[in-house]
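K.L.:
Under numbering that gives the first Met the number 0, the sequence shown has 128 at position 129, and the numbering climbs by one with no breaks. Following this message is one structure expressed as structure tokens.
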Amino acid sequence: MQTQAQDVLTGALWTAKKVDSTYVLSIKDRSGIKEALIDFITQNHISAGSITGIGAVNEATLRFFNPATKKYVDKTFKQQMEIANLTGNISTKDGKPYLHVHITLGSSSYNAYAGHLLDAKIRGAGEFYIYPLDATIARKFSEEAGLNFYDFEAESQKPKAKSKRQKVED
Ligand code: FE
0 MQTQAQDVLT GALWTAKKVD STYVLSIKDR SGIKEALIDF ITQNHISAGS ITGIGAVNEA
60 TLRFFNPATK KYVDKTFKQQ MEIANLTGNI STKDGKPYLH VHITLGSSSY NAYAGHLLDA
120 KIRGAGEFYI YPLDATIARK FSEEAGLNFY DFEAESQKPK AKSKRQKVED
């Protein structure tokens, strides 16, 4: 079987292969998941989509949002853990890439820790699928909730759709 070299992508913290519109992404051992994902989506100009992943980490900081105080409580776990599941989405805020990622981590005693992923360090494999959407999905901070909600009416989402239509008409 022939390897299609043009579909293999490399970054400092990851390697990836594009299959149809999906990317299969390997984050390198000892790399930070958030840093690697942000680098990957920036390099590949992905501004919307979803992420799934499995693998293992030896350090993770999870956060829990308290709606009453509108504040996050962070907790760091330093031990070898399996990524039982990682689910996230890609959007933009103020024109910059924005990741919203949740993770479930399994410990050596088979207990699970779960929460919003602030960051984690791969120790072993880091296997991810990225499903891009050909769109821009923006977010805006809600003072009322204390969260960055989706903002489907954002002006920043309109130029991309318009320029694409123009291209077809030209
Ligand atoms: Fe969250």
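Yeah, the Cβ is synthetic: ideal placement off N, Cα and C, and Gly gets one too. Small disclaimer: the values here were computed from a predicted structure and weren't measured.
Would you mind sorting Ser-90 into buried or exposed? The rule is 16 or more other CB atoms within 10 Å of its CB.
P.N.:
buried
K.L.:
Identify whether Ile-132 lies in helix, strand or coil by the three-state DSSP scheme.
P.N.:
Per the sequence shown, the amino acid found at residue 132 is Leu instead of Ile. In the structure shown, Leu-132 sits in coil (DSSP, three-state: anything other than H, G, I, E or B).
K.L.:
Taking 8 angstroms as the cut-off, is the CB of Phe-140 close to at least one heavy atom of the ligand FE?
P.N.:
no
K.L.:
For Ile-32, does the three-state DSSP call read helix, strand or coil?
P.N.:
helix
K.L.:
Return the first residue and the last residue of the beta strand (DSSP E) that Asn-110 is part of.
P.N.:
From DSSP, Asn-110 is part of no beta strand (DSSP E); its letter is neither H nor E.
K.L.:
When burial is assigned at 16 or more other CB atoms within 10 Å of the CB, is Tyr-22 buried or exposed?
P.N.:
buried
K.L.:
Please state whether DSSP places Ile-40 in a helix, a strand or coil.
P.N.:
helix
K.L.:
Please report the Cβ distance between Leu-85 and Lys-74, rounded to the nearest whole angstrom; I am assuming they are in contact, meaning their Cβ atoms lie under 8 angstroms.
P.N.:
Here Leu-85 is actually not in contact with Lys-74; their C-beta atoms are around 17 angstroms apart, not less than 8 angstroms.
K.L.:
Measure how close the beta-carbons of Phe-127 and Lys-139 come, nearest whole angstrom, since I'm counting them as under 8 angstroms.
P.N.:
Contact doesn't hold; Cβ gap of about 27 angstroms is too wide.
K.L.:
Whose C-beta lies closer than 6 angstroms to the C-beta of Ile-40 among residues of the same chain, with five residues either side of it excluded?
P.N.:
Ile-89 and Pro-96
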